[in-house]
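Numbering (this note's numbering), first residue to last: 1 to 256.
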Amino acid sequence: MQAEYGNTALRVGHFELDTPHADTDDIRMVPNTFQGLLLSINDIAGTTLYLTHFDKWAGVDADIPERFRELNGDDGLTAVGVVFEVIEQLALQGWYYQGSDFAKLFYLEGVYETDAFSIGLQFGSQSDDTGDESGPDGDVWCITGSYALADFTITAAYNDVSGTVTNGIGGGPYFTSADDHNIDGVEDQEATAFGIEYAGVEALAVGVLHVEFDKCANETDYYMVYDLNDHLGLELIYTDMHQDGDFVRLMANYGF
């Protein structure tokens, strides 16, 4: 169910959501979806306020992807956020999440992007709320940048964790995340990512991303994305997790 009044929208029931610590995680065929309510307000130009609470979810990261199951017991997760896009080419956002007997998550991000380059910063602070010290408890910061040269784009990123942090519900927001591995749940983790992508052929992009983790196996991803037409796209990824193994993933997405 959805209702709108002026610049305010309310959704109740099942919905997709993409925020830093609760997202669709669309690297797989079944995106995460949530059950609850989502309120968005954009009365101020370039600014959107969000309030959401959800207590069930389904999708690629859930225990049973095709069924809605309880999230965080029966307590669910509540989040409030604000996204600023007032200044051209600059996007800022801040979020606070709270899940009883889980954790409190605070997140800030800023990204400045032009046709030639981009630079981004992120900071997160998380505190355990489980009562048995089994939840995340730490801080994380990251810097990322990219530079476009002709048909090539070069990217780099660095993450540093003090303590432990979580992705939250979904794939997580961290700039150094690879296709499979990331900094989630590893104490005092550091990660450095380097990538290059070529997009000199119409509708085709090929690239490689390598991420060095100091506390777990590194990962190198080789990928190709091809849009056959406005509706059909193909994605091929070879993920080399070095001592943790490897796998190949081929996806075809058709949009109506």
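Each residue gets a CB set at the ideal place from its N, CA and C atoms; glycine is no exception.
Are the CB atoms of residue j and residue i within a distance shorter than 7 Å?
i: V86; j: G94; result: no
i: V211; j: A191; result: yes
i: V165; j: G138; result: yes
i: E219; j: M241; result: yes
i: Q98; j: E113; result: no
i: F68; j: A58; result: yes
i: V140; j: G124; result: yes
i: S146; j: S118; result: yes
i: G170; j: D61; result: yes
i: T47; j: L38; result: no
i: G120; j: D151; result: no
i: H14; j: G168; result: no
i: Y222; j: Y198; result: no
i: V186; j: C142; result: no
i: F175; j: A157; result: yes
Go ahead and pull the three-state DSSP assignment for residue i.
i: D227; result: strand
i: D240; result: strand
i: F256; result: coil
i: S177; result: coil
i: G233; result: strand
Tell me, which residues are paired with residue i by DSSP?
i: H210; result: F194, T220
i: V248; result: Y238
i: I169; result: A22
i: G163; result: G138
Between which two residues does the beta strand (DSSP E) carrying residue i extend?
i: A203; result: Counting along the chain, A203 falls outside any beta strand (DSSP E), and DSSP gives it neither H nor E.
i: V83; result: 77–84
Within the segment 3–73, note down every full beta strand (DSSP E) run reaching 3 residues or more, in order along the chain. 8–15, 33–41, 47–58
Problem set entry | Those runs of the beta strand (DSSP E) which lie wholly inside the segment 86–158 and span at least 3 residues | 90–99, 103–113, 117–128, 137–149
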